[in-house]
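Read in order, the letters of the sequence shown correspond to residues 2 to 134 in the working numbering.
Have a look at the structure below, then the notes.
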Amino acid sequence: MTDVNEIDNPEALAGLRAAFERYDRGLDENDVAVLDDSFWEDARTLRYGVAENLYGHAQIAAFRASRTPTQHQSRARRLENTVITTFGRDFGVANTEYVLLANGRRGRQSQSWVRFPDGWKVVAAHVSLMQDP
């Protein structure tokens, strides 16, 4: 059994960081196949977005597939203050702030990741925009 008290095991941390970076590139490029593959294919997977609550891999995939190029372009962003932490060898969290390039609005995203036999997958995600000051 994995010792969840083993925080930031170098191998686990490198694997999760690579999965997070792959997912982020998928967001930047609107690569729906990479985005779909990054989430656990299960009805219990969830993604709370800025304006939507998605339950299950199928709803998340449908949301990604329906995004128009204009919608995607309006969400171009720069990441800041990314923190990735693993607990044991098979669980980790990724948290980051982002700035929308179109208007400078700030937001946050967090993901809970689990390492399955076929790799690291997001099991829960949350995306939010901060209120304007």
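The beta carbon of each residue, even a glycine, is placed where N, CA and C say it ideally should be.
Label residue 117 either buried or exposed according to how many other C-beta atoms from any shown protein chain fall within 10 Å of its C-beta, with 16 as the threshold for buried.
-> The residue given as residue 117 occupies position 116 in the sequence shown. By the beta-carbon neighbour count (other beta carbons within 10 angstroms, threshold 16), residue 117 is exposed.
Alpha-carbon to alpha-carbon, residue 66 and residue 80 | Locating residue 80 in the sequence shown gives position 79, where the first residue counts as 1. Locating residue 66 in the sequence shown gives position 65, where the first residue counts as 1. Whole-angstrom Cα-Cα distance: 23 Å.
7 Å CB neighbourhood of residue 86 in its chain, flanking five on each side removed | Residue numbering aside, residue 86 sits at position 85 when the sequence shown is read from its first letter. The answer, listed in chain order, is 8, 9, 93 and 94.
Contact belief for residue 78 with residue 55 at Cβ below 8 Å, rounded distance in angstroms = In the sequence shown, the residue the question calls residue 78 occupies position 77. In the sequence shown, the residue the question calls residue 55 occupies position 54. So it is not a contact: roughly 19 Å between Cβ atoms.
DSSP beta-bridge partners of residue 123 | The count along the sequence shown starts at 1 and reaches residue 123 at position 122. The partner list for residue 123 (beta bridge, DSSP) reads 40 and 114.
On the three-state DSSP scale, how would you describe residue 30?
-> For this step, residue 30 is matched to residue 29 along the sequence shown. Reduced to three states, the DSSP call for residue 30 is helix.
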